[in-house]
Amino acid sequence: MSEPLRPQAVGTAHERVDGWAKVTGTAPYAYEHPVPEPAYLRPVQSTVARGRVTEVDARAATALDGVLTVLTPFNAPRLRRGYDTELEVLQSDEVWFRGQIVAAVVAETPEVARQAADLVRVTYDVRPHDVTLSADRDDLYKPDVVNPSHPTDTLTGDPDSAFESASRAVEATYTTAMYHNNPLEPHTTVALWHGENGSPALTLYDSTQGVHPLRDAVAAMFELEPERVRVVAPYVGGGFGSKGTPHAHVALAALAAARTEGRAVKFAVTRQQMFSFVGYRTPTIQRVRLAADVDGRLTGISNDIVELTSRYKEFAEQTGIPTRTMYAAAHRRTTHRLAALDVSVPSWMRAPGECPGMFAPEVAMDELAEACGLDPIELRIRNEPSHDPDSGKPHSTRNFVACLTEGARRFGWGSRPRLPRSTLDGDWWVGTGVAGSTYPVMRQPGSAWASVRYRGKGGAGTGRYEVSIGAADLGTGAWTVLTQIASDALDVSPTDVDVRIGDSDLPRAPVAGGSSGTTNWGSAVVAAARQFRDKYGPDPADGDECTAAMPDDGNGKRFAMAAYGAQFAEVRVNVYTGEIRVPRLLGVFAVGRVINPRTARSQLVGGMTMGLSMALHETSVLDERFGFVVNHDFAEYHIATCADVPSVEATWIAEDDPYPNPMGSKGIGEIGIVGTAAAIANAVHHATGVRVRDLPITNDKVF
Ligand code: MOS
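Numbering-wise (the working numbering), the sequence shown opens with residue 1068 and increments by one.
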């Protein structure tokens, strides 16, 4: 393992280094980078879910003053085919889903672009569509792998026989809804071509979770050397995974800018359009079986999962992962099956896999506790594995039980009535519930590079250290924690360090995804800083510079590494209306060393709030007649507001794990949303005696 970092700035609640720029409005987001005389793009979206575009009549649109061009499948510049079908915008007449981009207007102003787009008449050869997800479909298929490269199915022993012969058993089907990522800042691309003749170059100001992955994808689509594409994204207003992979809007903005003779094209995706083509979380159907002995010791666990994908591109969410890793049991199975429907392709949304995949088994565990007459915390403790049940590797650290017991103490779990439907407070049934959280430590050794440069002003010790890496800060605190890590690795004050991120001209960095940003980027920063010190000593000269990659310490091969947590919920359910309130959420996490309590708490509380929103409020309603998500705005797609979350508390236990990275940290961006919905569903059962297995938990389901 690489030598642990000695924490000085790391571990402190350092204020956000980007905070001042953000609150004063001087931090440029993608749309706000100054470009001379930009043109504005507005897409035209398909009004049918399946078929072919037979004609695009743009005469009325082009007749408007200020319209520069109308792109259609018949006149758009050609892109590379077969690299990423999601990016093949306007490359064929085929309609794969309703809301697909089938034309685009570029105009002098956003208003004219919008008016002109409304005037474009598209004619279709319409074919019948099918957007119905069901476990009974006879065309379900088994994908080769699930996101990103996990085995599709796993099998150990004979879980069906274990179930048939079990003393205590639970079998139930659980469903999670379709959810759409809704970061505060909608997706935006500003594209500008500016190369010399015969050697084109493209600059994108983009709202992205990864400048280098985006650069590589765009370069491939336009058949350019990656160095001819520059992606700039110093500030990003959230993403939750939907900005982690490029979507059609990026390719479209770049295509359009190729038509505007050196003028930049701005494409700000609207909130409504975000429900069509920038990804979402697939709905899931999970059939869970738990088998146990009379003492609640699991003998068998299985989860058979059905979810959807699109017909033009496959995304298979790895929903079975938590079932594979969470509890000990000799006999175990997970399977994933997909229905390819006439819908846009699903993608990453905060803890893809772990988030929906923890709901079903953690509610099932609550049902098993009831069947065994055991406290649900005691049941989980009895099934704690001695090593990772999936890989057989030892855990680097696994403090799940400590999270459960510490959470129980803080939450006041000891005074909880054992039987459901025991507490009536006025017109409200009151109950409490618990569920586990987990998220793997993801690492990509060699993927991240960082450079350190010294800029001396006068004599030794008067200069500043510039630390550069093409990382992305979605609002998570990357600017800040990289400053802390760099200053400790250089053994200087954070005030002597300037971090530069969010530009593909900086050293190569992987996506801000999989809760792995700090691990990957931080490891590279530590490596570069240590080499810098080894090479130049404590008194470097002006311009001294060193670049290094994240080393491979081999720990990923030796250990199963993951973060854990326990979430506790109190709910109140109105006796007359079924209205559900969550007055209290508590999460206790074991996430290695916390680099910055201020930004970490914000990630965990944010994740839990999003989990509450998933449990009670959010659901994308796909109208099967039209193949369309009908509630595509904030008026109808309800996201938890402040009034919905009176008390969300996140805390953590001390955990010393030297194996994930030199900082000793584990990822925290996603674990907060894992298990929250199950804790709330379990609390609803404890309050009312009604077991809700289908999200979201709405009033009608508790009667
Ligand atoms: Mo996260 S869904 O890996 O950005």
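A virtual CB, placed ideally from N, CA and C, is assigned to each residue, including glycine.
key: Cα-Cα separation between T1472 and G1440, rounded to whole angstroms   = Position 405 of the sequence shown holds residue 1472. Position 373 of the sequence shown holds residue 1440. Cα to Cα, T1472 sits roughly 19 Å from G1440.
task = Tell me, to the nearest whole angstrom, how far the beta carbon of A1143 is from that of L1157; I am working on the premise that it is less than 8 Å.
result = Residue 1143 sits at position 76 when you count from the first residue of the sequence shown. Residue 1157 sits at position 90 when you count from the first residue of the sequence shown. Indeed, because the Cβ distance is near 4 Å, the residues count as touching under 8 Å.
message = For S1463, which residues in the same chain have their Cβ closer than 6 Å to its Cβ, ignoring the five residues on either side in sequence?
response = The residue given as residue 1463 occupies position 396 in the sequence shown. Same-chain partners within the cutoff: F1626, M1628, D1724, Y1726.
query = Can you tell me the Cα-Cα spacing of Y1097 and A1608, whole angstroms?
reply = Your numbering for residue 1097 matches position 30 in the sequence shown. Your numbering for residue 1608 matches position 541 in the sequence shown. A small correction: the amino acid at residue 1097 is Ala; Tyr does not occupy that position in the sequence shown. A1097 and A1608: Cα-Cα distance of roughly 36 Å.
request  = Starting from the C-beta of A1469, find all residues in its chain whose C-beta is less than 7 Å away, skip the five residues before and the five after it, and write them out in chain order.
outcome  = Your numbering for residue 1469 matches position 402 in the sequence shown. Cβ within range, chain order: A1657, I1720.
ask   = Cα-Cα, which of Q1276, E1451, Q1634 is closest to P1313?
value = Here residue 1313 corresponds to residue number 246 of the sequence shown, with the count starting at 1. Of the candidates Q1276, E1451, Q1634, the one whose C-alpha sits nearest the C-alpha of P1313 is Q1276.
key: Exposure of K1624, with buried meaning 16 or more beta-carbon neighbours within 10 Å   = Position 557 of the sequence shown, counted from the start, is the residue given in the question as residue 1624. Flag for K1624 reads exposed.
query = Given a threshold of 16 other Cβ atoms within 10 Å of its Cβ, counted over all protein chains shown, does K1310 qualify as buried or as exposed?
reply = Indexing the sequence shown from 1 puts residue 1310 at position 243. When all chains shown are included, K1310 counts as buried.
task = Please name the residue, chosen from R1181, H1403, T1562, that lies closest to D1220 on a Cα-to-Cα basis.
result = Translated into the one-based positions of the sequence shown, residue 1220 becomes position 153. If we check each option's Cα against that of D1220, H1403 comes out closest.
ask   = Under 8 Å from any heavy atom of the ligand MOS, does the C-beta of Q1670 make it?
value = Indexing the sequence shown from 1 puts residue 1670 at position 603. No, since every heavy atom of the ligand MOS falls outside the 8 Å radius drawn around the Cβ of Q1670.
request  = Under 7 Å from any heavy atom of the ligand MOS, by CB: list those residues in chain order, please.
outcome  = Q1276, G1306, F1307, G1308, G1311, W1415, M1416, R1417, A1418, P1419, A1579, G1580, G1581, S1582, G1736, E1737
request  = Could you have a look at W1163 and say whether DSSP puts it in helix, strand or coil?
outcome  = In the sequence shown, counting from the first residue as 1, residue 1163 sits at position 96. In the structure shown, W1163 sits in coil (DSSP, three-state: anything other than H, G, I, E or B).
message = Nearest by alpha-carbon distance to G1224: which of D1601, R1465, A1395, P1423 is it?
response = As a first step, residue 1224 is located in the sequence shown; it is residue number 157 there, counting from the start. It is A1395.
ask   = Would you say Y1631 and G1503 are within 9 Å of each other, going by their C-beta atoms?
value = Stepping through the sequence shown from its first residue, residue 1631 is reached at position 564. Stepping through the sequence shown from its first residue, residue 1503 is reached at position 436. Yes, the Cβ-Cβ distance between Y1631 and G1503 is below 9 Å.
T1755 - containing beta strand (DSSP E), residue span = Translated into positions along the sequence shown, residue 1755 becomes position 688. Unbroken run through T1755 is the alpha helix (DSSP H), 1743-1755; no beta strand (DSSP E).
message = Can you check which of these residues, D1540, D1555, P1605, is closest to G1584 by C-alpha distance?
response = Sequence index remark: in the sequence shown, residue 1584 carries index 517 (1-based). Among D1540, D1555, P1605, the Cα nearest to that of G1584 is on D1540.
request  = Check whether the segment 1183-1190 touches the segment 1118-1130, counting contact only when three or more Cβ pairs, one atom from each stretch, lie closer than 8 Å.
outcome  = yes
request  = Check whether the Cβ of Y1603 sits closer than 8 Å to any heavy atom of the ligand ADP, and report yes or no.
outcome  = The ligand content of the structure shown is limited to the ligand MOS, which means the ligand ADP is not among them.
key: Nearest residue (CA-CA) to S1232, options P1293, R1356, F1289   = One-based indexing of the sequence shown puts residue 1232 at position 165. Comparing Cα-Cα distances from S1232 to each of P1293, R1356, F1289, the minimum goes to R1356.
query = Per DSSP, what kind of secondary structure is V1412 in: helix, strand or coil?
reply = Here the question's residue 1412 lines up with position 345 in the sequence shown. The answer is coil: DSSP assigns V1412 none of H, G, I, E or B.
ask   = How many Å lie between P1452 and C1709 at the Cα?
value = For the purposes of this step, residue 1452 is taken as residue 385 along the sequence shown, with counting starting at 1. For the purposes of this step, residue 1709 is taken as residue 642 along the sequence shown, with counting starting at 1. Roughly 38 Å between the two C-alpha positions.
inquiry  = So, for V1257: in the same chain, excluding its five sequence neighbours on each side, which residues have a beta-carbon less than 8 Å away from its beta-carbon?
reply    = Numbered from 1 along the sequence shown, position 190 holds the residue referred to as residue 1257. A1097, Y1098, H1100, V1102, P1105, L1271, Y1272, D1273, A1320, A1331, V1332, K1333, F1334.
Distance between Q1182 and Q1112 (C-alpha atoms, nearest Å) = The residue you call residue 1112 lines up with position 45 of the sequence shown. The residue you call residue 1182 lines up with position 115 of the sequence shown. Answer to the nearest angstrom: the Cα atoms are 14 Å apart.
Limits of the unbroken beta strand (DSSP E) element including G1459 = Here residue 1459 is taken as the residue at index 392 of the sequence shown, counted from 1. Careful: G1459 lies outside any beta strand (DSSP E) and carries neither H nor E.
message = Could you pull the DSSP bridge partners for E1716 from this structure?
response = As a first step, residue 1716 must be located in the sequence shown, where it is residue number 649. Paired residue(s): L1653.
query = Which of helix, strand or coil does DSSP assign to G1632?
reply = Taking the first residue of the sequence shown as position 1, residue 1632 is located at position 565. Three-state result, G1632: strand.
message = Can you confirm whether the segment 1381-1396 touches the segment 1281-1291 when touching is taken to mean that 3 or more C-beta pairs between the two stretches lie within less than 8 Å?
response = no
Y1603, enclosing alpha helix (DSSP H) - first and last residue = To locate residue 1603, count along the sequence shown from 1; it is residue 536. Note, Y1603: alpha helix (DSSP H), 1584-1603.
request  = Please report how far the alpha carbon of D1151 lies from the alpha carbon of L1671, in whole angstroms.
outcome  = Translated into the one-based positions of the sequence shown, residue 1151 becomes position 84. Translated into the one-based positions of the sequence shown, residue 1671 becomes position 604. Rounded to whole angstroms, D1151 to L1671 spans 33 Å at the Cα level.
key: Residue nearest to T1692 in terms of C-alpha spacing, selected from A1174, G1308, G1133, R1165   = Translated into positions along the sequence shown, residue 1692 becomes position 625. It is Arg, not Thr, that sits at residue 1692 in the sequence shown. Among A1174, G1308, G1133, R1165, the Cα nearest to that of R1692 belongs to R1165.
inquiry  = So T1349 and L1375 are supposed to be a Cβ contact under 8 Å. How far apart are they, rounded?
reply    = What you label residue 1349 is simply residue 282 of the sequence shown in a count that begins at 1. What you label residue 1375 is simply residue 308 of the sequence shown in a count that begins at 1. About 5 Å separates the two Cβ atoms, so the contact holds.
message = What would DSSP say about A1106, mapped onto helix, strand or coil?
response = As a working note, residue 1106 is residue 39 in the sequence shown. Reduced to three states, the DSSP call for A1106 is strand.
query = In three-state DSSP terms, what is R1282?
reply = For the purposes of this step, residue 1282 is taken as the residue at position 215 of the sequence shown. Reduced to three states, the DSSP call for R1282 is helix.
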